[in-house]
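Notes follow once the structure below has been shown.
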Amino acid sequence: MSTIAIILNGESKEIPAGTTVAGLLVIADALGQPVAVVVNENIVRPDQRDSCILHNEDQVEILVFAGGG
Amino acid sequence: MNALRLGSYTFSSRLILGTGKFSSTSAMIEAVRASGTQLVTVALRRFNREQAEDDLFGPLSEIEGLTLMPNTSGAATAKEAVKAAHISRELSGSPFIKVEIHPNPHHLMPDPIETYEACKILAAEGFIVMPYIPADPVLAKRLEEVGCSSVMPLGSAIGSGQGLSTAEMVKIIIRESSIPVIVDAGLRSPSEACAAMEMGCEAVLVNSAVAVARNPAAMASAFAKAVEAGFEARNAGLMPRSGAAVATSPLTSFLGAAS
Chain A
1 MSTIAIILNG ESKEIPAGTT VAGLLVIADA LGQPVAVVVN ENIVRPDQRD
51 SCILHNEDQV EILVFAGGG
Chain B
1 MNALRLGSYT FSSRLILGTG KFSSTSAMIE AVRASGTQLV TVALRRFNRE
51 QAEDDLFGPL SEIEGLTLMP NTSGAATAKE AVKAAHISRE LSGSPFIKVE
101 IHPNPHHLMP DPIETYEACK ILAAEGFIVM PYIPADPVLA KRLEEVGCSS
151 VMPLGSAIGS GQGLSTAEMV KIIIRESSIP VIVDAGLRSP SEACAAMEMG
201 CEAVLVNSAV AVARNPAAMA SAFAKAVEAG FEARNAGLMP RSGAAVATSP
251 LTSFLGAAS
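In structure tokens:
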């Protein structure tokens with residue numbers, strides 16, 4: 001299986017080619033979590049995650065809410 | 001008359017609670033419940049599987065009647081703050097955004113220029129914009145003019161517990177503002193929150209003072225009472241100050257005195 005390398009939350013990560021954002025959330029063990037996903041500065045909404053395919057060198061951020069003042 | 005109005009929202013509680021620095025999520029949730037707050041701040045953070053129990057969205061969403069106000073903490077520029085606001089709105093579904101732009105980690109003082117630029121953009125986009133600002137009356141007025149729903153001048157440096165060191169400037173902001181003024185940051189004790197409300201603030205935002213208390217839930221409750229007391233006292237009308245004593249008992253017709 002061919003792989004691609006993305007930058008996930010600032011760190012390099014190899015994932016199978018053709019992985020969607022929804023697929024990445026499974027790989028990252030974040031499926032079902034309330035998360036925001038940003039790919040190359042663009043927000044990927046939940047209804048877009050099944051169809052948004054990741055590419056080599058994509059910059060991906062998976063974000064949650066933490067405590068803050 | 002007694003509701004706090006922010007944008008199209010109304011709140012009966014005038015205490016806004018920050019959710020940072022608590023020893024555990026359960027301690028934070030207990031404090032939120034004890035405070036009776038209806039508006040809490042949260043911060044965006046990168047997802048980390050190992051820290052998944054720290055995600056606050058689930059536990060907070062179980063509290064009825066609670067609205068989230070994400071902050072833009074971590075942003076050093078207007079551009080970064082706007083980006084954080086967009087992501088936060090996507091995640092929270094809340095129109096509230098606390099604009100917090102402090103480029104220097106040593107003093108955490110808000111950058112007035114970047115804050116102004118970010119607020120202008122976010123207010124035009126329909127956010128309920130709540131900027132954390134230096135206690136500067138000119139900046140506060142300019143932020144009101146671009147559509148902010150409140151201004152939140154600092155009492156003193158974030159997490160410092162130095163209290164209302166900006167009181168005189170905050171009084172000017174209150175006098176000049178047509179939008180709610182909320183003291184945010186630096187408060188240490190409920191009496192300071194009470195003083196801010198007596199002064200004319202419409203609400204108070206507290207985080208560290210509650211989070212690092214030996215008993216956060218009890219401190220949250222104490223702050224809630226102080227905020228209510230200050231608000232009630234202000235509406236009741238504080239007596240004027242006098243440079244001299246003004247007797248409360250009759251000074252004439254005392255026992256045996258000649259009339």
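Keeping their order, the protein sequence lines are chains A and B.
Going by my numbering, the first sequence opens with residue 1, and the numbers climb by one from there.
Going by my numbering, the second sequence opens with residue 1, and the numbers climb by one from there.
Even for Gly, the Cβ is constructed at its ideal location relative to N, Cα and C.
- Within 9 Å of the CB of ASN9 (chain A), the CB atoms of chain B belong to ARG46, PHE47 and ASN48, in sequence order along the chain.
- In this structure VAL138 (chain B) does not touch CYS119 (chain B) by the C-beta definition: roughly 14 Å separates them, more than the 8 Å allowed.
- Taken atom to atom, the span from the alpha-carbon of ILE16 (chain B) to that of LEU8 (chain A) is near 34 Å.
- In the structure shown, VAL183 (chain B) adopts extended strand secondary structure according to DSSP, grouped into three states.
- Interface annotation for the region 39-51 of chain A against chain B: GLU41, ILE43 and ARG45, criterion Cβ-Cβ distance under 8 Å.
- Burial is judged here by how many other beta carbons sit within 10 angstroms of a residue's own beta carbon; ARG175 (chain B) has fewer than 16 and is exposed.
- For PRO70 (chain B), the neighbours in chain A by C-beta distance under 9 Å run, in chain order, PHE65 and GLY68.
- Residues of chain B whose Cβ lies closer than 8 Å to the Cβ of ALA22 (chain A) do not exist; the shortest such Cβ separation is about 15 Å.
- If you ignore the 5 residues before and after ALA222 (chain B), its C-beta comes within less than 8 Å of the C-beta of PRO190, all in its own chain and listed in chain order.
- Listed in chain order, the beta strand (DSSP E) elements of length 3 or more contained wholly in the region 117-175 of chain B are 128-133.
- Taking ALA5 (chain A) as reference, the option from A:GLU57, A:ASP50, A:GLN33 and A:SER51 with the minimal CA-CA separation is A:GLU57.
- Taking 9 Å as the cut-off between beta carbons, the residues of the region 181-214 of chain B near chain A are ASP184, ALA185, LEU205, VAL206, ASN207, SER208 and ALA211, in sequence order.
- Under the three-state reduction of DSSP, ALA244 (chain B) is assigned to coil, being neither helix nor strand.
- Rounded to whole angstroms, the Cβ separation of LEU54 (chain A) and THR20 (chain A) is 7 Å, and the two are in contact under 8 Å.
- Residue burial annotation: ASN207 (chain B) is buried, with at least 16 other C-beta atoms found within 10 angstroms of its C-beta.
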